[in-house]
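Step one of this worksheet: look at the structure below.
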Amino acid sequence: MVMRTIEIKEIKYEVDKERRGGVISRLKELYRDQLDIFTEGDFVGVRGDLHNYKRRSRILWIMSGGKHGKDLPTC
124 MVMRTIEIKE
134 IKYEVDKERR
144 GGVISRLKEL
154 YRDQLDIFTE
164 GDFVGVRGDL
174 HNYKRRSRIL
184 WIMSGGKHGK
194 DLPTC
């Protein structure tokens, strides 16, 4: 059996302009000392220690507005 490891260095997610401030403030509230939070155009992202899957899942949940893990319409 072969063990493979994937190293995730950053997560970026497209966030609506009206939600962007709230998302950034929530991420800073939770991970100010642990992660680098940045914006690039319409995307909000984080860099840093992302080896913990629960942390990654929570970050995606915050960025997606609670839609992470649900089927989204493609329209």
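Sequential numbering of the sequence shown, starting at 124, is according to the working numbering.
Note that CB positions come from ideal geometry on N, CA and C, so glycine has one too.
Alpha carbon of residue i to alpha carbon of residue j, nearest angstrom
i: Ile-182; j: Met-124; result: 31 Å
i: Ser-148; j: Val-138; result: 13 Å
i: Tyr-154; j: Arg-127; result: 27 Å
i: Gly-144; j: Arg-179; result: 20 Å
i: Ile-185; j: Lys-140; result: 15 Å
i: Arg-142; j: Phe-161; result: 15 Å
i: Ile-134; j: Gly-171; result: 9 Å
i: Glu-130; j: Tyr-176; result: 11 Å
The alpha helix (DSSP H) enclosing residue i, as first and last residue numbers
i: Leu-183; result: 176-187
Residue i - containing beta strand (DSSP E), residue span
i: Arg-170; result: 166-171
i: Asp-159; result: 158-163
Exercise for the section: Ignoring anything shorter than 3 residues or poking outside the stretch 126-151, list the beta strand (DSSP E) runs there in chain order. Expected result: DSSP runs (the beta strand (DSSP E)) wholly in the stretch 126-151: 133-137.
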